[in-house]
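Numbering (the numbering used here), first residue to last: 12 to 187.
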């Protein structure tokens, strides 16, 4: 009677990891981002909030780049702050914009949104310590207004999320 080898694969109690694409952000094409024909007024508050949620998830990396450019422009007359900002930008580039694999800490994969919040906090706190707190605050307010306006006026009819991205954003509903 044949016996199974002792090194045979046993089923794992852990679910398989999701596809790699769900762990790191994707920069969307700027042509799609600046598509004038996709701009329209929302019909009401509910549609505006729906557009903001959808666009914030779809254009997440583009919005982060725009916020960083606005922040950089606010620091033009503060050379020490620009040096600190450039160091933070290196962290952004290395950890968020151009990575090819998910970020892991202590063997666990870090969610893209958690990494985004962490990098925002590190950038803001490091710049506040260079005594440009008001500049940072004004730049962040301008960024929120610019991003909010784009997200609410940019139609979402032509934007398609992958199923995993939509599930992460809470955009799927399950009907039983």
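Don't be surprised by glycine CBs; every beta carbon is placed ideally from N, CA and C.
Inter-residue spacing [alpha-carbon to alpha-carbon] between residue i and residue j
{"i": "residue 138", "j": "residue 95", "result": "7 Å"}
{"i": "residue 7", "j": "residue 145", "result": "Beyond the ends of the chain as shown, which are 12 and 187, falls residue 7; an answer cannot be given."}
{"i": "residue 130", "j": "residue 107", "result": "9 Å"}
{"i": "residue 49", "j": "residue 167", "result": "8 Å"}
{"i": "residue 39", "j": "residue 66", "result": "11 Å"}
{"i": "residue 111", "j": "residue 121", "result": "14 Å"}
{"i": "residue 159", "j": "residue 123", "result": "20 Å"}
{"i": "residue 53", "j": "residue 59", "result": "5 Å"}
{"i": "residue 132", "j": "residue 118", "result": "23 Å"}
{"i": "residue 147", "j": "residue 56", "result": "29 Å"}
{"i": "residue 113", "j": "residue 68", "result": "18 Å"}
{"i": "residue 136", "j": "residue 61", "result": "31 Å"}
{"i": "residue 195", "j": "residue 152", "result": "Residue 195 lies beyond the range of the chain shown here (12 to 187); nothing can be said about it."}
Nearest candidate by alpha-carbon position, reference residue i, set the options
{"i": "residue 128", "options": "104, 75, 97, 152", "result": "75"}
{"i": "residue 140", "options": "126, 57, 89", "result": "89"}
Residue burial classification, residue i (beta-carbon count within 10 angstroms, cutoff 16)
{"i": "residue 134", "result": "buried"}
{"i": "residue 103", "result": "buried"}
{"i": "residue 101", "result": "exposed"}
{"i": "residue 116", "result": "exposed"}
{"i": "residue 165", "result": "buried"}
{"i": "residue 70", "result": "buried"}
{"i": "residue 98", "result": "exposed"}
{"i": "residue 126", "result": "buried"}
{"i": "residue 185", "result": "For residue 185, the pLDDT reaches just 44, beneath the cut-off of 50, and the residue's location in the model is therefore unreliable, leaving the point undetermined."}
C-beta contact flag for residue i and residue j at 8 Å
{"i": "residue 162", "j": "residue 77", "result": "no"}
{"i": "residue 150", "j": "residue 85", "result": "yes"}
Cutoff 6 Å; reference residue i; Cβ partners in own chain excluding five residues on either side
{"i": "residue 154", "result": "78, 81"}
{"i": "residue 157", "result": "none"}
{"i": "residue 46", "result": "none"}
Cutoff 8 Å; reference residue i; Cβ partners in own chain excluding five residues on either side
{"i": "residue 51", "result": "164, 166"}
{"i": "residue 41", "result": "73"}
Residues near residue i in its chain [Cβ-Cβ closer than 7 Å; skip 5 each side]
{"i": "residue 143", "result": "86, 89, 92"}
{"i": "residue 83", "result": "96"}
Interface flag, residue i vs chain C, CB-CB below 8 Å
{"i": "residue 57", "result": "Looking for chain C here will not work: only one protein chain is present."}
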